[in-house]
Structures are given as structure tokens and as C-alpha cells.
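First residue of the sequence shown: 6, per the working numbering; consecutive thereafter. Since the structure comes first, as C-alpha cells, the remarks are kept for the end.
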Amino acid sequence: MKEGYVIRDQTLPHFITATVVDWIDVFTRKSYRDSVIDCLDYCIENKGMVLYGYVIMSNHIHLIVQSNDGKLSDLIRDFKKFMAKTILEKIQTEPESRREWMLERFKLAAESHSRNKNYQFWQYGNHAEEIYTNKFMWSKLDYIHLNPVRAGIVENASEYIYSSASNYVSDKGLLKIEKADNPIVDALNQASFTRYNQY
């Protein structure tokens, strides 16, 4: 893991990326995306997770997250571990045309790391970036929310239900989030602020 992406201050919000090994498009299935939502909801309600923003894409998840308990690394580890277990069980038990191919990829990934038993679902690392200013928070929220737009899935960020964009537009979404404060607007950055409010 690169030195720059270590979570040093466990109490501060961080931008986190969790990526499926080999960039496999697991989350194209609604059932798997819904499992991520259920797990995040559980962490919010029971594990002290504060979620400022998220998006679930086909092969990765972005979160802006904080731990009320000051144990962010533990929270992310437990979330990823539970998600891997849940999704792997679903792949093995629910109808899945790509089952054998995906399990083979996950098995090959596990063989290169001694700490995995059978399958490795996530790539190692979280690409954690500390949210150190309000401006940086909003640049990361913008990046997260525009992922589905850049991918050509939707025209407006708030139309993609598996992200927090609609929470910021209409206070409605699949998950309860903690909305970040509006950025401080200076005259030179007015266009960016307008864009945030036109999701």
C-alpha cells in the first residue's frame, strides 16, 4: 500500500474506494447492489458509521465515511469482509450465469495471497484519502456523484439511485446520510457551486 493512502487519523472522514479484484463487474446485478445498501445501512445503524456520500458502480464502490468510534480502519475492514462473504454466498447460491468464471477469478486472486482461504473478492487497499477541508469534501462528493454520469448510465447524477446524489438534491435516497455543509463560495468558483446544485 502506498504510504500516502494510510488512514492516519481514525476520527476524520475519509474518501474510500473498494474495488473488486480484476475489476470484475459484479454489481451489475441488483441483488448484489442491494446487499451493499443493506450492509451500509447496518453499519450506519449499529457500527457508528457516518456516511457523507457513496456510489455503487459495476466493479467498485466509493464512500466518504467517518467512524463515530474513532476506529475507521476497523469499520472499513469489517464492512469489506462482510460484503465479500455475503456476495460470494449469493454468487454460489443464486442464479448467476457467470458463476464459474467469477469464482475462478476470485480463487486465482486468493492463491497469490496466503491470508485468503478460498476466494479474494476485493483488491487490497482502500485508496484512503483524508478529508481535510470542506472544499476537498465537495470535490470528492462531486467526483462520486458524477461517476454514473461519466459512465453514461444516467444524464443527471440524482437519477442514479445507488448513490447519495439524490440525498443532496431532494433529501431522499436509499440510505440515511450526513449531508456535508455547502462549500464556501468565492466569486471565482461560482460555477462549481452551481453545478453541485444542478444534479
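Idealized CB from N, CA, C, for every residue including glycine.
Taking the continuous beta strand (DSSP E) assigned at L180, which residues delimit it? That residue, L180, is in no beta strand (DSSP E); it is neither H nor E in DSSP.
What did DSSP end up calling N194 once you bin it into helix, strand or coil? Note that N194 has pLDDT 48, beneath the 50 cutoff, so the model's placement of it is unreliable and no number is given.
Any idea if A156 is buried or exposed, counting beta-carbon neighbours within 10 angstroms, 16 or more meaning buried? exposed
Within a Cβ cutoff of 8 Å, which residues of the same chain sit near V11, ignoring the five residues on either side of it in sequence? A133
Helix, strand or coil for I166 per DSSP? coil
Which same chain residues end up closer than 6 Å to A114 when comparing Cβ atoms and leaving out the 5 residues on each side of it in sequence? V26 and Q125
Excluding five sequence neighbours on each side, which residues of the same chain lie with their C-beta closer than 6 Å to the C-beta of G58? I69, L146, I149 and S169
Note down, in chain order, each residue of its chain lying with its Cβ closer than 7 Å to the Cβ of N64, except the 5 sequence neighbours on either side. T24, V25, W28, I29, D30, V31 and F32
Beta-carbon contacts of I182 that lie in its chain and below 8 Å, excluding the five residues immediately before and after: L56, Y57, G58, Y59, S169 and N172
Does DSSP classify V70 as helix, strand or coil? strand
Candidates M142, L80, Y129 and F111: closest to Y47 by CA position: L80
Where do the ends of the alpha helix (DSSP H) carrying L80 lie? L77 to T98
Beta-carbon within less than 7 Å of Q15's beta-carbon, same chain only, minus the 5 sequence neighbours each way: which residues are those? S72, G75, K76, L77 and S78
Looking only at its chain, what residues have a beta carbon closer than 8 Å to the beta carbon of I49, apart from the 5 residues adjacent to it on each side? V55, L56, L180 and K181
Cutoff 7 Å; reference I92; Cβ partners in own chain excluding five residues on either side: V31, Y37, S40 and F126
Where D83 and A89 are concerned, what is the direct C-alpha to C-alpha distance, given to the nearest angstrom? 10 Å
Considering just the uninterrupted stretch of the beta strand (DSSP E) at F126, what are its terminal residues? No beta strand (DSSP E) contains F126, which DSSP labels as neither H nor E.
Helix, strand or coil at W26 according to DSSP, with G and I counted as helix: Note that residue 26 corresponds to Val in the displayed sequence, not to Trp. Three-state result, V26: helix.
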